[in-house]
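The structure appears right after this line, and notes come after that.
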């Protein structure tokens, strides 16, 4: 699929990786050039921004993941204190390397006053990309949560101030607007119009009265100032969990457990809502009902040279990609239908087009050898029951398991209608990190929903 | 009367001397009846004469390098001439025959231009090019261009020409006859079998959902190549067929093993079988439609395999 003009969610994370630091240099150059512009162009600083800036630094942290063997930082992000006894919130993706491989990495914090020390990881929330760390600081000032934001009563358009340490340049504050929750999103995120840069991940975004509304998490790739925050209530809930838990869990196992639980809930809600039929030529094809799918259409009708088979496709994908590790984003659910009709191709030539369109492809979430078992496929001619109105199908089911996550599989289901030699519907259903039973139930509904009306 | 013949390495006669006297001498010197230009031959090397019993005898007249029977290692002072086994002096082979030496009966000549094999070759060639052209046509989904057809067809023809040409040349060198038609027929039959197998494998993959013939196409291709190679070798010369067969079989086994290894390494790197899932027009389906429930029964069975893969692949406690 060619990327559509504006891709749905799943934006860039705002941690600085090595590559991120290199990009930072280029960005800095632009700033130096911009500094030559007339001073009058600078925006007016409001009184509240100044007061927030004056109070923030002792409560802000930079969270560094260091390579244990080399003692150098592998990634940096931000964090903020939320209790007098040294508990701080940051993003899961800021500390993921340490959470998954504690033997290879260690965690360190740096405060604005120059103090630094070890940080210990207490809890993670994979679905909401949050983590709680404890640092050795007592009676330091800390942030409180905004009660209105937790209850969801914050008015749109409210001024917000986002804090963090962008690109390791020092603590900074950026001003923006609250735009309410993101629409068409499975995970709840706040749409914040303001600049978030790599390194600000895990930093707080506060209202003018200095209360936390959300946690900086990601930006929209290709967007302008389109940024996302994790709502404060998830941070408050995670903090509560830390207070309740006796000792920190085995985090690697905890990540696997949360992943399986979260994907289970996701696919259950998908199964409950199910599919709706959409028409493609004489065929009725299942499209996902849940609101967190976005669909795009595509046609080759205008191509030059004139195509010898017309292909009209729809492509629906969910925004349910989840950051699990720096090399594993377990991605979206995808449904793709292509209605192929011959213009001047014979049946064999059309079959060649269909062959090309129907090769099974499992979506790649990370390096194969680290995360996946080999792919296994089964292929057959299938008639869905009851057969009236349902075309015979050629179905290929390919699946692989996750090496470390029991009960999670990737599945690619491909079906080609076999009712006519001069046209066909190629339907693809890609499920990442799905329970096998969920995949079979959804796959079955998917096949049963493929119909032909002549 | 006898004839003394000088033979090439391939045992062809390169020179023949008629000896009318009862005795003849062979050597490098110009006072011999037969002069041999071989630095390893003495000035006077061999004397050939008739003994009391009427047998022709070759006798070493005191050379440094000696006299041998062809293929033998023992230095001989006297050899009774039998007209069949050549005698080696230095690096030269000699054969001595009496005028009464029996020769093979006259072989009946085949007609210069054989119609049937030539016709067969033409038909096979047309068959190969036809299968290739039709496959190209049925796979063509873009704009029609002459080069799409001409380039592969020319490629096949030139490859065939080079292959047959090489074998003809080898045949000419080692057996003296080029046997062009024999070599051409072997290559054509092999190539036709190759292309027909491709078509059938494609059909099996779709109509019977049987992937194995496509997956193991390479095994068939190597076997075919080996069989053709053996037949070409046989055409070149029928001696030591067991040795030729053995060499070809070993090479075949090595090729298949290497390719298998390559494929399994590629699979372990990517985790994907490198096989295309082929479709043909729906009318070619040869198996009944599987019931949906039965199909999902198969899918459920796949899960056990995946779980087995997982427990096999689970990393150690060192992680990653």
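Protein chains in written order, with my numbering: chain A, 1101 to 1554; chain B, 90 to 409.
Think of the CB as a built atom: it goes at the ideal place given N, C-alpha and C, for glycine as much as any other residue.
Counting only Cβ pairs nearer than 9 Å, list the residues of chain B close to residue 1458 of chain A. Correct list: 366 and 368.
Return the residues of the region 1422 to 1452 of chain A that lie within a Cβ-Cβ distance of less than 8 Å from chain B, sorted by chain order. Within the region 1422 to 1452 of chain A, the residues whose Cβ lies closer than 8 Å to some Cβ of chain B are 1445, 1446, 1447, 1448, 1449, 1450, 1451 and 1452, listed in chain order.
Where the alpha helix (DSSP H) containing residue 1313 of chain A begins and where it ends: Not the alpha helix (DSSP H): residue 1313 of chain A falls in the beta strand (DSSP E), residues 1311 to 1319.
Look at the alpha carbon of residue 1138 of chain A and the alpha carbon of residue 1281 of chain A, and state the distance between them as a whole number of angstroms. Residue confidence is low: residue 1138 of chain A scores 35 on pLDDT, short of 50, so the model does not pin down where it sits. No coordinate-derived value is stated.
The alpha helix (DSSP H) spanning residue 262 of chain B covers which residue range? Judged by DSSP secondary structure, residue 262 of chain B falls within the alpha helix (DSSP H) whose first and last residues are 235 to 264.
Whose C-beta lies closer than 7 Å to the C-beta of residue 133 of chain B among residues of the same chain, with five residues either side of it excluded? Only residues of its own chain outside the window of five on either side were considered, and among them 114, 116, 118, 121 and 150 have a CB closer than 7 Å to the CB of residue 133 of chain B, listed in chain order.
For residue 1310 of chain A, which residues from the same chain have a beta carbon less than 7 Å from its beta carbon, with the 5 sequence-adjacent residues on both sides left out? For residue 1310 of chain A, where only same-chain residues beyond five positions count, the Cβ hits under 7 Å are 1152 and 1155.
Closer than 8 Å, Cβ to Cβ, to anything on chain A: give me those residues from the region 381 to 397 of chain B, in chain order. Result list: 381, 382, 384, 385, 387, 388, 389, 391, 392, 394, 395 and 396.
Taking the beta carbon of residue 1392 of chain A as the centre, do at least 16 other beta carbons fall within 10 Å, making it buried, or is it exposed? Around the C-beta of residue 1392 of chain A, 16 or more other C-beta atoms lie within 10 Å, and the residue is accordingly described as buried.
Members of the region 1463 to 1477 of chain A that neighbour chain B once the beta carbon cut-off is set at 9 Å: So the list reads 1468, 1469, 1470, 1472, 1473, 1474, 1475, 1476 and 1477, given in the order they occur along the chain.
Give me, in chain order, the residues of the same chain whose beta-carbon lies closer than 6 Å to that of residue 1314 of chain A; leave out the 5 immediate sequence neighbours on both sides. For residue 1314 of chain A, where only same-chain residues beyond five positions count, the Cβ hits under 6 Å are 1290, 1305, 1329, 1330, 1331 and 1332.
Please list, in chain order, all residues of the same chain as residue 184 of chain B whose beta carbon is under 7 Å from its beta carbon, the five residues on each side excluded. Here residue 184 of chain B has 94, 96 and 175 as same chain residues with Cβ atoms under 7 Å from its own Cβ, once five neighbours each way along the sequence are excluded.
Whole angstroms is fine: what's the gap from residue 1349 of chain A's alpha carbon to residue 1222 of chain A's? Looking at the two C-alpha atoms, the distance is approximately 8 Å.
Which residues of chain B have a Cβ atom closer than 7 Å to the Cβ of residue 1501 of chain A, listed in chain order? What residue 1501 of chain A touches in chain B: 395, 396, 398 and 399.
Runs of alpha helix (DSSP H) wholly within the region 1222 to 1308 of chain A (minimum 4 residues, chain order): Counting only runs of at least 4 residues, the region 1222 to 1308 of chain A fully encloses the following alpha helix (DSSP H) elements, listed from N- to C-terminal order: 1247 to 1250.
6 Å CB neighbourhood of residue 1435 of chain A in its chain, flanking five on each side removed: Once the five neighbours on either side are set aside, the close Cβ partners of residue 1435 of chain A are 1388, 1416 and 1529.
Roughly how many whole angstroms lie between the Cα atoms of residue 313 of chain B and residue 1515 of chain A? Between the alpha carbons of residue 313 of chain B and residue 1515 of chain A lies a distance of about 36 Å.
Quick check on the DSSP output: the alpha helix (DSSP H) that includes residue 1433 of chain A runs from which residue to which? Where residue 1433 of chain A is concerned, there is no enclosing alpha helix (DSSP H), given that its DSSP letter is neither H nor E.
Count the other C-beta atoms from every protein chain shown that fall within 10 angstroms of the C-beta of residue 235 of chain B, then say buried if there are 16 or more, exposed otherwise. Exposed, because fewer than 16 other Cβ atoms sit within 10 Å of the Cβ of residue 235 of chain B.
In chain order, which alpha helix (DSSP H) runs of at least 4 residues are fully inside the region 1148 to 1234 of chain A? List check, alpha helix (DSSP H) in window: 1192 to 1200.
So is residue 233 of chain B buried or exposed if we call it buried at 16+ other beta carbons inside 10 Å? When all chains shown are included, residue 233 of chain B counts as exposed.
Using a beta-carbon distance below 7 Å, is residue 351 of chain B in contact with chain A? Residue 351 of chain B does not count as touching chain A.
Is there a C-beta anywhere in chain A that falls below 7 Å from the one on residue 298 of chain B? For residue 298 of chain B, the answer is yes, since a Cβ of chain A falls inside 7 Å of its Cβ.
Over what stretch of residues does the alpha helix (DSSP H) that includes residue 214 of chain B continue unbroken? Counting along the chain, the alpha helix (DSSP H) containing residue 214 of chain B begins and ends at 204 to 228.
Residue 1240 of chain A to residue 1209 of chain A span [Cα, whole Å]: Taking the CA atoms as reference points, residue 1240 of chain A sits about 14 Å from residue 1209 of chain A.
Quick check: the Cα distance between residue 1445 of chain A and residue 237 of chain B, rounded to an integer number of angstroms? Their Cα atoms are separated by approximately 16 Å.
Look at the alpha carbon of residue 1556 of chain A and the alpha carbon of residue 1437 of chain A, and state the distance between them as a whole number of angstroms. It is not possible to answer for residue 1556 of chain A, since the shown part of chain A is limited to 1101 through 1554.
Is residue 1375 of chain A close to chain D, meaning its C-beta is less than 7 Å from at least one C-beta of that chain? In the structure shown, chain D cannot be found, because the protein chains are A and B.
Going straight from the alpha carbon of residue 1382 of chain A to that of residue 1372 of chain A, what length do you get? Residue 1382 of chain A and residue 1372 of chain A have their C-alpha atoms roughly 27 Å apart.
Measure the C-alpha to C-alpha separation of residue 1201 of chain A and residue 367 of chain B and round it to an integer number of angstroms. In a straight line, the C-alpha of residue 1201 of chain A is about 43 Å away from that of residue 367 of chain B.
Would you mind stating whether residue 179 of chain B and residue 130 of chain B have Cβ atoms separated by less than 7 Å? Taking the C-beta atoms as reference points, residue 130 of chain B is found nearer than 7 Å to residue 179 of chain B.
Positions along the region 1386 to 1414 of chain A whose CB lies within less than 7 Å of some CB in chain B: Residues passing the 7 Å Cβ filter: 1405, 1408 and 1409.
Residue-chain proximity (residue 1263 of chain A, chain B), Cβ-Cβ < 7 Å: With respect to chain B, the C-beta atom of residue 1263 of chain A has no partner C-beta closer than 7 Å.
How about residue 1299 of chain A and residue 1266 of chain A: do their beta carbons lie closer than 7 Å? The Cβ atoms of residue 1299 of chain A and residue 1266 of chain A lie closer than 7 Å to each other.
Length of the line joining the Cα atoms of residue 213 of chain B and residue 246 of chain B: Looking at the two C-alpha atoms, the distance is approximately 12 Å.
Using a Cβ-Cβ cut-off of less than 7 Å, list which residues of the region 1478 to 1490 of chain A approach chain B; keep chain order. Taken in chain order, the members of the region 1478 to 1490 of chain A whose beta-carbon sits within less than 7 Å of a beta-carbon on chain B are 1478, 1479, 1480, 1481, 1482, 1483, 1484 and 1485.
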